[in-house]
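Student:
Residue numbers (this note's numbering): 12 to 170.
Take a look at the structure:
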């Protein structure tokens, strides 16, 4: 645990949080757009579409700026992108299940919308924000310790 608090890990975590906030904004804004375009009843479809937008954004920012994966080889790029997509599919499943539980099973979808600075926030959006916190934590663990893990063998990173 002590090694986690090294200066480079703290800098990496700060970058992850900054780009995580930006990725969350991409996710929330695209969810709001798709929720508006498709209707509130199709919130799970809206979530999948917003997921696609945010995963594309997150892969580039995590690879280049957060974890500094420098390799551009086809082999490494394929491994990183497939493992990134697989991890994100897992967290999408967690998010979809959580959204369904919060919106449909618990009934957050029936909540009266809140008005905050002339923005109407419905129960779907509140559930989405709650699940985003869970997803950000899951995705950090996958990215840090599996996908963009610093490899001991530098030839794999460069090949």
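Quick reminder that beta carbons are idealized off the backbone N, C-alpha and C, glycines included.
Just so it is clear, the structure is predicted and the values come from calculations on it, not from any experiment.
Taking buried to mean at least 16 other C-beta atoms within 10 Å of its own C-beta, is residue 106 buried or exposed?
Tutor: buried
Student: Alpha carbons only, please: which of 48, 68, 18 and 104 is nearest the one belonging to residue 35?
Tutor: 68
Student: How many angstroms separate the CA atom of residue 99 from the CA atom of residue 37?
Tutor: 15 Å
Student: Is residue 142 close to the ligand ADP? I mean its beta-carbon at under 7 Å from any heavy atom of the ligand.
Tutor: Among the components modelled here there is no ligand, and therefore nothing to report on the ligand ADP.
Student: Can you tell me whether DSSP reads residue 165 as helix, strand or coil?
Tutor: Residue placement at residue 165 is poorly supported in this model, since its pLDDT is 48, which falls under 50; the coordinates still yield a value, given next. Three-state DSSP puts residue 165 in a helix.
Student: Buried or exposed, going by whether 16 or more other CB atoms sit within 10 Å of the CB of residue 76?
Tutor: exposed
Student: Per DSSP, which one or two residues make a beta bridge with residue 176?
Tutor: The chain is shown only over 12 to 170; residue 176 falls outside these bounds and no answer can be derived.
Student: On the premise that residue 55 lies in contact with residue 108, defined as a C-beta separation below 8 Å, what is that separation, rounded to the nearest angstrom?
Tutor: Going by Cβ atoms, the distance from residue 108 to residue 55 rounds to 10 Å, so no, they are not a contact pair.
Student: Pull up the distance between the alpha-carbon of residue 74 and that of residue 81, whole angstroms please.
Tutor: 8 Å
Student: Per DSSP, residue 126 forms a beta bridge with which residues?
Tutor: 131
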